[in-house]
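Single-structure report; data block below.
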Amino acid sequence: MKSETADAVLEARHLRHSYGARRVLDDLSLRVGAGEIYALLGGNGAGKSTTLNIFLGFVRPGSGSASVCGIDPSTAPDEARAALAYVPESVALYDHLSAYENIDYFLHLAGANRHRTSVIDPALDDVGLVASARGQRVGGFSKGMRQKVAIALALARNVPVLLLDEPTSGLDPRATAEFNDLLEAARKRGIATLMATHDLLSAAAVADRIGFLREGHLDEEVAANGGARFDVDALFRRYSERRESRTA
Amino acid sequence: MSGATVRIAREEWRWLARSRVALVAGVLLLLLIITATFTSVQKHEAIDEARARYQSEQIEQFYNQPDRHPHRMVHYGQYVFRPLAPLAFFDTGVDAYTGNMVFLEGHRQNSANFAEARQSSLMLRFGQLTPAFVLQTLAPLLIIFLAFRALAGERERGTLRLMLAQGISARQIVSGKLIAHAAVAGAIVLPALLALTIMSASSGASAQALLIILGYCAYLIVWTLMALVLSALVPRARDALLALVALWMVTVVLLPRGLPELVAASQTLPTRIETEVAIGRDLKAIGDSHDPDDPYFNDFKMEVLARYGVSDVQDLPVQYAGLVAMEGERLTSDLFNRYAADANAREDRQNALVRTFGLASPLIAVRQLSMTLAGTDLDNHQDFLSQVESYRYSFVQHLNRMQAEQIPAVNPGEDPRIDASNWLEVPGFAYVAPNPLAYAGGRIAQSFGILAAWLAGLACLLILAARRLERIAR
Ligand SMILES: Nc1ncnc2c1ncn2[C@@H]1O[C@H](COP(=O)(O)OP(=O)(O)O)[C@@H](O)[C@H]1O
Ligand SMILES: [Mg+2]
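This is the structure in structure tokens:
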């Protein structure tokens, strides 16, 4: 398997974290290699966003360590962030700015190339935001359109790591399918993608590996198996068994 | 300064420009400052012109008096008007209630020295629409309204995380916001800067004008820092606004009025009546020149007779009553000066205490600074009064000497008078406006020091607050 090779782009080693007395992550380890899509699957409160926050350097783990392209985000957050692109769960953009202006602004902050015709437009083409909307203020955009702007920003960053928090939660089935195509393109460009999701189907559709996260612990990792990828029915049974055992 | 920092500042301006509320509030304040400046300048010129006119009318009336007994002239007296300091339009300071007209006559000092109003001199009238008032009290509100969202709003919206996720530091973000809002503060000061430059150019008060501008820039940047510190520490923009408005009420409304009140309460000043009773008692103790048995004036008479080598006042070459008048004036003036010096010293002590309160409220620091530099603080007024008093003394003694030397000592007749041409020899009052930089340099430096301490303290707080922002998980 790819992740077992020496150079994992994203790596978490024995992460533990608590908010006060509440234990959120419990000995979580994972590796994502270049050109690999890893889906971190779990219910609400499982610790997915906390894991992403550790890679982002927003949360310092209680113990264990993380690395982004060999950089420890808890000691060098700015450098780790410079190497990754992040699409937050609830997409936050400036309502008073257009899609173009939003992307241009964040690219400028990142110190990235923000040429409109060679960088921003192709990224917006990739996510399928219609040309007529690009100059309009995002205040009037639907959730799906905002999501597209945020993903376009991440693609335009042109960095080796992509962190996605519940990327398909606001998307209709067609947009989800388009999104899956996008991830496929990212994989081809050698980007390491870590995607937090509670949506088994979307995880099964694109991921190379799925990690089942339960109460901060990685129960099991399943790798895609050839062209058929995953046996979704079997996965679904496992997933719901876990849910039942937890609620029981 | 990185490109990202500048871009953040530019985006903040774009946001302010696109936010209707911010724009309306900003334009309103700007209009207010411009209105305040224009009306103040106009009022200033009208007052200046009126005072100059009254003064010249007074002088003309005095010099046109007919032949009179000099003592009648001592009581006819003179009105003296205080000319406005060139920058008084900007900050009227204590000018609004100390009174600017002084009546000079013999035997008494002008009552302004002992007016009860002076006890409340620490309390400035609220709401006089001068540029200083607008900059001191309303400009901080605008700064708060424009800046409270700067960081808390980004945090609430979630864009702060997205900004940080691009790999820039929280310090860069905070610096960008600081540049943006410091420039807003600069824009607020700009109209005042223009007015001060124009008004001070002709009067040679440019150094004071420059320092005033510097003081207000420091003051408004103190507020900018305050707004950003709270915006960084309080996660919700609305709470940051509430906290800032509360802070404004305490430091702009409450403390500048409450603290001086406290000082006044802790130091019991004699009331005007008490002072007058005490002066009356002391005057009595000096002696009665009309009482042949009064020990002091008996000694005085002996000394005068010895000086002129005669044995009877009738044989003096000068009029004895005139000499007595001069001696009496000398004694009463000494007494009045002593009381005035006491009152001044008390006020100085109060003001020194109030100035240190600048450490509790930056408004107090900038207010003292502004009044001093505009030439409208209490010390400036005290200086005017002391100039007036020394003039009054020389004016009265001039007339007394005329009496002693020109009114015949024996058989002066029913109604002795001297020629009206004598009045022209009485010198007029020439006011020398003191230079604040010369007489109050230490206090000006102290106020700047206090403002600098505020700036440094808040800058440290902002750096700490920025460090906290670095790890905002949500
Ligand atoms: N900043 C925080 N302070 C306290 N508790 C938190 C914080 N962030 C997350 N939690 C708690 O930690 C648990 C895991 O949260 P999270 O990682 O967001 O889960 P997920 O993204 O899988 O839904 C949840 O119970 C959540 O309430
Ligand atoms: Mg989450």
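In order, the protein sequence lines correspond to chains H and Y.
Numbering-wise, my numbering puts 198 at position 174 of the first sequence, and it's gapless, one number per residue.
Numbering-wise, my numbering puts 524 at position 451 of the second sequence, and it's gapless, one number per residue.
In this text, a Cβ means the ideal position worked out from N, Cα and C, and glycines have one as well.
Keep in mind that this is a model prediction, so the values were computed, not measured.
Coarse secondary structure for residue i, derived from DSSP in three states
i, result
"G57 (chain H)", "strand"
"Y504 (chain Y)", "coil"
"F187 (chain Y)", "Here the model assigns F187 (chain Y) a pLDDT of 42, short of 50, so the residue's position is not dependable and the matter cannot be decided."
"I545 (chain Y)", "coil"
"F409 (chain Y)", "helix"
"D189 (chain H)", "strand"
"R198 (chain Y)", "The predicted model places R198 (chain Y) with a pLDDT of 44, which falls under 50 and marks its position as unreliable, so this point remains unresolved."
"E178 (chain Y)", "strand"
"E478 (chain Y)", "helix"
"S384 (chain Y)", "coil"
"G360 (chain Y)", "coil"
"D51 (chain H)", "strand"
"H139 (chain H)", "coil"
"R91 (chain Y)", "helix"
"S156 (chain H)", "helix"
"I216 (chain Y)", "helix"
"V124 (chain H)", "Residue 124 (chain H) is actually Tyr in this sequence, not Val. Helix, per DSSP."
"V246 (chain H)", "strand"
"A538 (chain Y)", "helix"
"M219 (chain H)", "strand"
"A125 (chain Y)", "helix"
"L64 (chain H)", "strand"
"R233 (chain H)", "strand"
Bridge partner(s) assigned by DSSP for residue i
i, result
"Y43 (chain H)", "H:R46"
"H241 (chain H)", "H:R238"
"F162 (chain Y)", "None, per the DSSP bridge assignment."
"V111 (chain H)", "H:L188"
"Q151 (chain Y)", "Y:L177"
"L34 (chain H)", "H:V56, H:V92"
"I491 (chain Y)", "Y:R141"
"D161 (chain H)", "According to the sequence as given, residue 161 (chain H) is Arg; it is not Asp. Answer is H:S122, bridged to R161 (chain H)."
Neighbour-count burial assignment, residue i, 16 or more Cβ in a 10 Å radius
i, result
"S73 (chain H)", "buried"
"M169 (chain H)", "buried"
"C72 (chain Y)", "With chain Y covering only 74 through 547, there is no way to say anything about residue 72 (chain Y)."
"P485 (chain Y)", "exposed"
"E133 (chain Y)", "exposed"
"L537 (chain Y)", "exposed"
"H454 (chain Y)", "buried"
"S226 (chain H)", "buried"
"P112 (chain H)", "buried"
"I346 (chain Y)", "exposed"
"P333 (chain Y)", "buried"
"Q552 (chain Y)", "Look at the range of chain Y in this structure, 74 to 547, and you will see that residue 552 (chain Y) is not part of it."
"S113 (chain Y)", "buried"
"G66 (chain H)", "buried"
"R191 (chain Y)", "Low local confidence applies: a pLDDT of 41 at R191 (chain Y) is under 50, so the model's placement there is unreliable, with the coordinate-based value given in what follows. When all chains shown are included, R191 (chain Y) counts as buried."
"Y263 (chain H)", "buried"
"Q138 (chain Y)", "exposed"
"M74 (chain Y)", "exposed"
"H117 (chain Y)", "buried"
Among the options, nearest to residue i - alpha-carbon criterion
i, options, result
"P159 (chain Y)", "Y:Q441, Y:T270, Y:G501", "Y:T270"
"A493 (chain Y)", "Y:R354, Y:Y504, Y:R145, Y:L335", "Y:R145"
"G159 (chain H)", "H:A180, H:P101, H:I127", "H:I127"
"G240 (chain H)", "H:A58, H:S98, H:G86, H:S193", "H:G86"
"A253 (chain Y)", "Y:V318, Y:A351, Y:L317, Y:L89", "Y:L89"
"S142 (chain H)", "H:R84, H:N182, H:L49", "H:N182"
"D388 (chain Y)", "Y:E229, Y:L458, Y:K374", "Y:K374"
"A136 (chain H)", "H:A107, H:A155, H:R198", "H:A107"
"W588 (chain Y)", "H:L121, H:A70, H:T192, H:A201", "No information on residue 588 (chain Y) is available, as it lies outside the stretch 74 to 547 that chain Y covers here."
"P97 (chain H)", "Y:S113, Y:L237, Y:L104", "Y:L237"
"A280 (chain Y)", "Y:P509, Y:G515, Y:R516, Y:A351", "Y:P509"
"V325 (chain Y)", "Y:A438, Y:H180, Y:W496", "Y:A438"
"L80 (chain H)", "H:V185, H:V56, H:K172, H:A123", "H:V185"
"E478 (chain Y)", "Y:A265, Y:T110, Y:A398, Y:L104", "Y:A398"
"G57 (chain H)", "H:P197, H:S91, H:L206, H:S156", "H:S91"
"T217 (chain H)", "H:V154, H:A155, H:E190", "H:E190"
"A525 (chain Y)", "Y:V318, Y:A291, Y:A256", "Y:A291"
"T108 (chain Y)", "Y:Y149, Y:F154, Y:L202", "Y:L202"
"A256 (chain Y)", "Y:L284, Y:I216, Y:G240", "Y:I216"
Just to be sure I understand the criterion: a residue counts if its Cβ is closer than 7 Å to at least one heavy atom of ligand 4. Which residues meet that? Judged by which ligands are present, ligand 4 is missing from the structure shown, whose ligands are ligand 1 and ligand 2.
Entirely within the region 225–285 of chain Y and at least 4 residues each: give me those alpha helix (DSSP H) ranges in chain order. 232–238, 243–274
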